[in-house]
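Notes follow the structure.
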Ligand code: SF4
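What follows is the structure, encoded as structure tokens:
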């Protein structure tokens, strides 16, 4: 029997009350591959293409793609998105915590639990936490930034300027 840590138990119970597939990382973490225009949340599922049309309509689509919103919808409605099978394999074959619990317990996720659980799947995060993986040629730049309040990108130039400021 695996050791049960109180915080992880609280997080697991809270998430499981929504559904056995609920995971805050689908909202709070993104890895963006700027060289391919793909992203994923978290880093376990396959990447998917970010639509330029979606970004033109709303720059938050850099993270909040329609595809990802559909996965969030599944989670909020009690389903387990197939793309998150990394975690389902852990949960279905052991009594260990999966990354669903670990990532949802992080201080960049757990304080947002109520807001996320009570959100509409169409909503985007008001507080943005981005983990961006940028691969340019052979250089890997790992950006990790957190800022309070929604940053509205007016265009890709603003976005790139912000990236430059955070490197
Ligand atoms: S359920 Fe697992 S694979 Fe899916 S977003 Fe959460 S941590 Fe990642």
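Residue numbers (the working numbering): 3 to 169. Glycine residues also receive a C-beta, built at the ideal position from the N, C-alpha and C atoms.
Three-state secondary structure (DSSP) at residue 41?
strand
In this structure, how does DSSP classify residue 67 when only helix, strand and coil are distinguished?
coil
Residue 84 lies in the beta strand (DSSP E); which residues open and close that run?
Element bounds for residue 84: n/a, residue is neither H nor E.
Mind checking residue 23: buried by the 16 CB within 10 Å criterion, or exposed?
buried
Apart from the five residues just before and just after residue 82, which ones in its own chain have a Cβ nearer than 7 angstroms to its Cβ?
Within the same chain, Cβ atoms closer than 7 angstroms to the Cβ of residue 82 are found at 22, 23, 90, the five residues on either side in sequence being excluded.
Cβ-heavy atom distance, residue 47 to the ligand SF4, below 7 angstroms
yes
Exercise answer, beta-carbon shell around the ligand SF4 heavy atoms below 5 angstroms:
25, 27, 28, 44, 46, 86, 88, 89, 101, 102, 105
Please name the residue in 63, 7, 19, 11 whose C-alpha comes closest to that of residue 245.
Nothing in the structure corresponds to residue 245, since the chain is present only between 3 and 169.
Can you list, in chain order, the residues of its chain with a C-beta nearer than 6 angstroms to that of residue 119? Leave out the 5 residues immediately preceding and following it.
Excluding positions up to five away in sequence, the list reads 20.
By Cβ distance below 6 angstroms, which residues in the same chain neighbour residue 46 in space, the five residues on each side in sequence not counted?
88
For the beta strand (DSSP E) holding residue 33, just list the boundary residues, first then last.
33-35
Decide if residue 51 is buried, meaning its Cβ has at least 16 other Cβ atoms within 10 Å, or exposed.
Classification of residue 51: exposed, given that the 10 Å Cβ count is below 16.
Who are the near neighbours of residue 125 in its chain, counting only those whose CB is closer than 8 angstroms to its CB and skipping five residues on each side?
none
Residue 7 - DSSP class collapsed to helix/strand/coil:
DSSP, read as helix, strand or coil, puts residue 7 in coil.
Three-pair Cβ contact test at 8 angstroms for the stretch 90-105 versus the stretch 61-77:
no
Quick one: is the Cβ of residue 25 within less than 7 angstroms of any heavy atom of the ligand ATP?
Of the ligands this structure carries, namely the ligand SF4, none is the ligand ATP.
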